[in-house]
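Participant:
Number of protein chains: 2
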Amino acid sequence: MSQRKNILFIMCDQLRYDYLSCAGHKTLHTPNIDSLAERGVRFSNAYVQSPICGPSRMSTYTGRYPSNHGATANFVPLRVGELNIGDHLKPLGIRPVLVGKTHMIPDQEGMKRLGIEPASPIGVHHSQIGFEPYERDDGIHPDLVLKPNVAYNNYLKERGYDDHENPWHWAANSVERRGEIRSGFFNDVAQLPARVSEEDSETPYMTRRAMQFIEEDDGEKPWCLHLSYIKPHWPYIAPAPYNDMYSAADVQDVHRSETERENTNQLAQHFQERICGQTFSREEARETVIPAYMGLIKQIDDQLGILFEFMEKKDLMKSTMIVFTSDHGEYFGDHWMGDKDFFHDPAVKVPLIISDPDPSCDNTRGSVQNAPVEAIDLVPTFIEYAGGAVPKHILDGRSLMPLLQGNDVPWREFVVSEYDYFQQSFSPKTGRAPLECRIYMIKNDRWKYIHAPGFLPILFDLTNDPDEFVDLGNSDDHTDARQYMHYALADWSLQYRQRETVSEERAEQMVGLEDKFGVLIGYWNEEDVKPPATAPDFESGPKAH
Amino acid sequence: MSQRKNILFIMCDQLRYDYLSCAGHKTLHTPNIDSLAERGVRFSNAYVQSPICGPSRMSTYTGRYPSNHGATANFVPLRVGELNIGDHLKPLGIRPVLVGKTHMIPDQEGMKRLGIEPASPIGVHHSQIGFEPYERDDGIHPDLVLKPNVAYNNYLKERGYDDHENPWHWAANSVERRGEIRSGFFNDVAQLPARVSEEDSETPYMTRRAMQFIEEDDGEKPWCLHLSYIKPHWPYIAPAPYNDMYSAADVQDVHRSETERENTNQLAQHFQERICGQTFSREEARETVIPAYMGLIKQIDDQLGILFEFMEKKDLMKSTMIVFTSDHGEYFGDHWMGDKDFFHDPAVKVPLIISDPDPSCDNTRGSVQNAPVEAIDLVPTFIEYAGGAVPKHILDGRSLMPLLQGNDVPWREFVVSEYDYFQQSFSPKTGRAPLECRIYMIKNDRWKYIHAPGFLPILFDLTNDPDEFVDLGNSDDHTDARQYMHYALADWSLQYRQRETVSEERAEQMVGLEDKFGVLIGYWNEEDVKPPATAPDFESGPKAH
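Protein chains in written order, with UniProt numbering: chain L, 1 to 545; chain E, 1 to 545.
This is the structure in structure tokens:
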């Protein structure tokens, strides 16, 4: 048996927290994911730091909130120099490897300014956010911005799907209807099978690529394999038989209230009015699309069954922490919204299961942990799992290892998530400049408070309104609650999160530093002072000669 | 006459806002600095972003608040990749040159991580915070951490001050008393002359270095010459005759109240109890030290007279913007405090005079501008002066050019300053971890509000208590005022200040970006959508093939 402590870090895209049987879904059965929960801990209060792919993932891979790492929206490059998962894991001897999506946009201008060649090892380290890109595929390849040599496209062409330049779109994410090929971006065809076979669809392809990596791995270093599926993200097209596995009868009730469309917060109304909100407010759309979405999840579960069996045969299950999560959810008409991008639970809450085979975690297996956790907690968790020390001056998250080991530790009260809506088509209507298009969510067990400068706040009383139907943002009876949450948001925001060059340990050594250097400030004469005999040695401070 | 538009950016260190005759000092005459104010605008409400050298200067040279650039305390390295004054001015064809102090601590770890050689052009650019170091001298050279080859030390040795390895300390900043050499760090000798001649003391030396640069300049590019004096910063030792030019009779009344020591805010009390607070709460110390401090300022004024005459002869006055300011003030016993580091006006308010010879500024010459301005406004001012566009997504400050030109523009309400007190010897007594040792000041015309997590706030009513004697931080009658200022602080903190990789202009082009890429989210069918004919070209987004 290998003594290496690996990490298999599985991420889905746009998977709601409640679309797993272990999380209570009534008609969707996910036995392989459920078995992982039985072997580990399921976190029932896990929140992403932004309800959209790019900033959420940048937070997950840096362990920092979006307003701290700066990549606050899709296609906003992550600043060069931001420490990433590779910066934290590589020094611990771990090999971080990617199969699938990261959504990382490199900082080309920053690299140029600092003389970093994008193709150099440091350039690749930045551009791949610390992962070795065994297979990088961000999954969405619209024709207008298709990159050359997408490996999956090359694979599909080799497999005979060569009637179009972009078989990702026109085979894997399109259907045939009445003899015509039709893009899966249109939701009315979600019930039809994808033009690819199940074997050639995205999820099995990526699962095989993960197994290929494991086969080829030289066994020298423990790895952190990020298997990052694009599915069940739209286009909501599943291959046969998954397209036809579920029907309208399997769709759970929509989660919305008429009151949500009356006296709506103006910003929430902008989100409701988006095309995706309009589409999924119609039952026809829900009944057409959600079965396909469920099929895509079922396919992931089946593929994970294959992967876990493969790992079992390789005797890797005893030495591998397995993490299963998503980068955000999907509204599907809940709260009269579609897609994600806002802060109701269907969008901002995610599934999170962690199974650590170490005996220290034996007494939590199969348990559900209700503590509020955040996606930024994963990097610190991996660091502690690998025996490292968590750098608090850099990482905003906390290691989940104590929770996995069942240790009683003081925990956080609040989770925070952010959204930068400047790219939304409605943003010019708000009259706000791009840097002002910000929304913050802060929640504790009692309240969810959503603050967007320029708009009324939104407040949900989670004890009396767990459905998040009644906005108390303008209620005279809740001024204290709003102030409490606003002050908590201010506390969160007023933390020092860019002071990254001095660790806590180093900072403690720097107390009274000027005195230690022999800089004597404000002393009247010798009676006031006893200078130290020798100077401390600080690498970055002035040097003794 | 040269058509180059130069900038002479003069900074003093630890110069109070009220120690100039143009600012109302009754016994200290500074005719050369006053003449600059007559030729330009004196800003009577100028605040630094931290009341201590390092973070204040990092803010001035980056145009960003300390909690945004991260170098929140002395000796905390500025992260590599932070854009500096050189990044902003060099592309405009300006040559930024340093004579004197910056207090920049390079990010050695960051440079190593990004493969940047410290001695390479990019390494020097970072390490010198964008200035070409014609003469870098941070001014304070205690024996215990003396660097080799300090140019000023070499100069002093050549001039015969060679009885000690460190003549900066033992000649320029020491005195002879009863035949013994005594360190100027002790304040009881401040009335005695420095062991160097006036000619060889620091201020004339640096002034000559500035003139040497101007002589040697090849005339190709306009320059931004940062003449950054260490004085009147301690050690408070002036050469003859400046040591003896003022006496106790010239010292202005101390600015404090007995009420300030009763029921003192606990954090303010820590600052009062520091040795510098104890020393300067004694009249003997004030009467001994302040005359020497005034002498050091008088010497700067005289040297500026020489420099301005030199520039006049070189015909540079008509083509050079001249800025005069300081990095913070000094308490000298006001409010029972010494040195700086806290937020009463003597510490956090600074002199600021800007003279732009351009005719567009003719109608403001000799005026006093009361608008609240911040040290972070200088970099944007220089950018606009040089004809550039101010990058709002990077810079926190605003160009002062409209105020210099007398244009009526909407202006800010609040100024903000910060202090990271983890290095203070008292910090362990607070029981707070280093990252939690934060103080924020926010002020408008009416209120100054000081927020430090873990302590009661401090509030001054500047209308009814312009002296800042009465702390209303615990007053039942001022809950609304405190809440108003706390919300304003939260607004300030909740800005997106790390989203530096996308300009406002670029952001506006990115509205509706996914639709533009042909990513169609939430559409039911073709009736819902009109896709664009061509894809936009975004350098950092996905590429068209």
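Every residue, glycine too, gets a C-beta built ideally from N, C-alpha and C.
What you are looking at is a predicted structure, and each value in this text was computed from that prediction instead of being measured.
Would you mind giving the Cβ-Cβ distance between residue 372 of chain E and residue 415 of chain E, rounded to the nearest angstrom? I have them listed as a contact below 8 Å.
Facilitator: With a Cβ gap of about 5 Å, residue 372 of chain E and residue 415 of chain E count as contacting.
Participant: On the three-state DSSP scale, how would you describe residue 238 of chain L?
Facilitator: coil
Participant: If we call anything under 8 Å between Cβ atoms a contact, is residue 75 of chain L one with residue 513 of chain E?
Facilitator: yes
Participant: Check whether the segment 369-383 of chain E and the segment 78-88 of chain E touch, using three or more Cβ-Cβ pairs below 8 Å as the test.
Facilitator: yes
Participant: To the nearest angstrom, how far is the alpha carbon of residue 392 of chain E from that of residue 66 of chain E?
Facilitator: 17 Å
Participant: Assuming residue 226 of chain E is part of the beta strand (DSSP E), what are its boundary residues?
Facilitator: 223-228
Participant: Classify residue 5 of chain L as helix, strand or coil using the three-state DSSP reduction.
Facilitator: In the structure shown, residue 5 of chain L sits in coil (DSSP, three-state: anything other than H, G, I, E or B).
Participant: Who does residue 447 of chain E pair with in a DSSP beta bridge?
Facilitator: In the DSSP output, where bridge partners are listed per residue, residue 447 of chain E has E:461.
Participant: Nearest to residue 207 of chain E by alpha carbon, out of E:427, E:231, E:474?
Facilitator: E:231
Participant: Measure the C-alpha to C-alpha separation of residue 127 of chain L and residue 503 of chain E and round it to an integer number of angstroms.
Facilitator: 20 Å
Participant: Reducing DSSP to helix, strand and coil, say where residue 426 of chain E ends up.
Facilitator: coil
Participant: Under 8 Å between C-beta atoms, does residue 142 of chain L make it to chain E?
Facilitator: yes
Participant: Need the endpoints of the alpha helix (DSSP H) that residue 89 of chain L sits in, please.
Facilitator: That run of the alpha helix (DSSP H) goes 85-89.
Participant: Name, in chain order, the residues that DSSP records as bridge partners for residue 373 of chain L.
Facilitator: L:46
Participant: If we count Cβ pairs, one from each stretch, closer than 8 Å, do we get three or more for the segment 450-458 of chain E versus the segment 242-261 of chain E?
Facilitator: Two segments are said to touch when three or more pairs of C-beta atoms, one from each, lie closer than 8 Å; by this definition the segment 450-458 of chain E does not touch the segment 242-261 of chain E.
Participant: Checking contacts by CB at 8 Å: is residue 524 of chain L closer than that to chain E?
Facilitator: yes
Participant: Can you check whether the C-beta of residue 110 of chain E is within less than 8 Å of a C-beta belonging to chain L?
Facilitator: yes
Participant: Using the beta-carbon of each residue, which ones in chain E are nearer than 7 Å to residue 234 of chain L?
Facilitator: 521
Participant: Under three-state DSSP, which class holds residue 535 of chain L?
Facilitator: Because the pLDDT at residue 535 of chain L is just 47, under 50, the model does not fix this residue reliably, and the value given afterwards should be weighed accordingly. Three-state DSSP puts residue 535 of chain L in coil, outside helix and strand.
Participant: DSSP three-state call for residue 27 of chain E: helix, strand or coil?
Facilitator: coil
Participant: Would the segment 26-35 of chain E count as touching the segment 247-262 of chain E if we require 3 or more Cβ pairs under 8 Å?
Facilitator: yes
Participant: Is it buried or exposed, residue 590 of chain E, if we count other Cβ atoms within 10 angstroms and call 16 or more buried?
Facilitator: This structure leaves residue 590 of chain E out entirely; chain E is present only between 1 and 545.
Participant: Measuring only the C-alpha atoms, how far is residue 36 of chain L from residue 394 of chain L?
Facilitator: 31 Å
Participant: Going by the beta-carbon positions, is the gap between residue 185 of chain E and residue 523 of chain L smaller than 8 Å?
Facilitator: yes
Participant: Would you call the segment 200-217 of chain L in contact with the segment 153-169 of chain L, where contact means no fewer than 3 C-beta pairs closer than 8 Å?
Facilitator: The answer is yes - the segment 153-169 of chain L touches the segment 200-217 of chain L, with three or more Cβ pairs under 8 Å.
Participant: Given a limit of 7 Å on CB to CB distance, which residues of the segment 421-448 of chain L reach chain E?
Facilitator: 422, 423, 425, 427, 428, 433, 434, 435, 438, 440
Participant: CB-CB under 6 Å to residue 81 of chain E, same chain, minus the five flanking residues each way: which ones, in chain order?
Facilitator: none
Participant: At least one CB of chain E closer than 8 Å to the CB of residue 93 of chain L: is that the case?
Facilitator: no
Participant: Determine, using beta carbons only, whether residue 403 of chain L and residue 41 of chain L come nearer to each other than 8 Å.
Facilitator: yes
Participant: Let me see if you follow: with CB-CB separation under 8 Å, is residue 20 of chain L close to chain E or not?
Facilitator: no
Participant: Thinking C-alpha only, which one of E:457, E:469, E:467, E:497 is nearest residue 478 of chain E?
Facilitator: E:457
Participant: Please name the residues in the segment 359-379 of chain L whose beta-carbon is closer than 7 Å to at least one beta-carbon of chain E, in chain order.
Facilitator: Listed in sequence order: no entries.
Participant: In angstroms with no decimal places, state the Cα-to-Cα distance between residue 464 of chain L and residue 282 of chain L.
Facilitator: When rounded, the separation of the alpha-carbon atoms in residue 464 of chain L and residue 282 of chain L is 28 Å.
Participant: What span of residues does the alpha helix (DSSP H) with residue 275 of chain L cover, start to end?
Facilitator: Counted as a single uninterrupted DSSP element, the alpha helix (DSSP H) harbouring residue 275 of chain L occupies residues 275-280.
Participant: Looking at the secondary structure, which residues open and close the beta strand (DSSP E) in which residue 99 of chain E lies?
Facilitator: 95-100
Participant: Can you find a C-beta in chain L that's less than 8 Å from the C-beta of residue 541 of chain E?
Facilitator: For residue 541 of chain E, the predicted structure reports a pLDDT of 35, less than 50, and the residue's modelled location is therefore unreliable. A value from the coordinates is still provided. Chain L places a beta carbon closer than 8 Å to that of residue 541 of chain E, counting this residue as a contact.
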